[in-house]
Amino acid sequence: GAGVSQSPSNKVTEKGKDVELRCDPISGHTALYWYRQSLGQGLEFLIYFQGNSAPDKSGLPSDRFSAERTGGSVSTLTIQRTQQEDSAVYLCASSRRGRTIYFGEGSWLTVV
Amino acid sequence: AQKITQTQPGMFVQEKEAVTLDCTYDTSDQSYGLFWYKQPSSGEMIFLIYQGSYDEQNATEGRYSLNFQKARKSANLVISASQLGDSAMYFCAMRESTGANSKLTFGKGITLSVRP
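Sequence order for the protein chains is A and B. The opening residue of the first sequence carries number 1 in the numbering used here; numbering runs sequentially from there. The opening residue of the second sequence carries number 1001 in the numbering used here; numbering runs sequentially from there.
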């Protein structure tokens, strides 16, 4: 498809397990963002990739969270030793020139 | 201080009428961008409109327009001829261009309900 693609769309995991969330940005988009949205809340910035520059990791809430972007395209957000407070929707977005930033449909994570 | 402020409580509008959703922002940058997104109950974030700080005219996209008042640091979204499908959460966001920091900072959102 032409939009930002995220997988899985839904994930239920046990506390303490690791999870990986994938984002496939729009082709040609050099910027990629990860955000987190807890139920009924606004969007919390996690990490931002721009081309080959060092990513802005200032929003990652703890060292259990990490992200990488391979080949300037697909990105994976990894949460290690998941906790119940990690339950949220994880949204990925991409952009080419910054005037329009498009979001995927999100990965709904539930930690039980 | 909050970067993006959306203080309106839940908003209600009659179908076919216009509605304004308020957004104020705080930045010391000269170059920045302002965005509005719609989030229906399905959860997806739908891009609506963008306004650059150096854009001379207010942005318009179909039924959406942005009332940009730079001196007052406000970027209100105007939706004309409201439709039932406009019922959703609306988020204002800002992208500053300071060094490598180009993340979007979001407000807390405003809930809009359109009445038939």
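Idealized CB from N, CA, C, for every residue including glycine.
Within the continuous beta strand (DSSP E) that includes residue i, where are the two ends?
i        : result
A2(A)    : Premise fails: A2(A) is in no beta strand (DSSP E) and is neither H nor E.
A88(A)   : A88 to S95
S1113(B) : I1110 to R1115
E44(A)   : L43 to Q50
T1105(B) : L1104 to F1106
E85(A)   : It is not in any beta strand (DSSP E) - E85(A) carries neither H nor E in the DSSP assignment.
S1082(B) : Taken as a continuous stretch (DSSP letters only), S1082(B) belongs to no beta strand (DSSP E), as it is neither H nor E.
G69(A)   : A small fix is needed here, since residue 69(A) is Arg in this sequence, not Gly. That run of the beta strand (DSSP E) goes F65 to R69.
T110(A)  : S107 to V111
Name, in chain order, the residues that DSSP records as bridge partners for residue i.
i        : result
A17(A)   : Sequence check: residue 17(A) is Lys here, not Ala. Per DSSP, none; premise fails for K17(A).
E1096(B) : Y1032(B)
A31(A)   : Q50(A) and S95(A)
T100(A)  : T100(A) is not bridged to any residue.
S75(A)   : C23(A) and R69(A)
L1077(B) : L1021(B) and L1066(B)
Apart from the five residues just before and just after residue i, which ones in its own chain have a Cβ nearer than 7 angstroms to its Cβ?
i        : result
H29(A)   : S94, S95 and R96
A1100(B) : Model confidence at A1100(B) stands at a pLDDT of 43, short of 50, so the residue's coordinates are unreliable; what they give is reported in the following sentence. If we look at A1100(B) and ignore the five residues flanking it on each side, it has no Cβ neighbours.
S1087(B) : L1112, S1113 and V1114
Can you name, in chain order, every residue of its own chain whose Cβ lies under 8 angstroms from the Cβ of residue i, other than the five neighbours on each side?
i        : result
S1102(B) : R1095 and E1096
V112(A)  : V12, T13, E14, K15 and Q84
Short of 9 angstroms Cβ to Cβ, which residues in the region 1035-1052 of chain B face chain A?
F1035, Y1037, Q1039, S1042, G1043, E1044, M1045, I1046, F1047, Y1050 and G1052
Contained beta strand (DSSP E) runs [length at least 3] in the region 1013-1074 of chain B, N- to C-terminal order:
1019-1021, 1032-1039, 1046-1052 and 1064-1069
Taking a cut of 7 angstroms between CB atoms, which residues from the region 84-106 of chain A lie near chain B?
V89, L91, G98, R99, T100, I101, Y102, F103, E105 and G106
So if I threshold CB-CB distances at 8 angstroms, which residues from the region 52-63 of chain A count as touching chain B?
S53, A54, D56, S58 and G59
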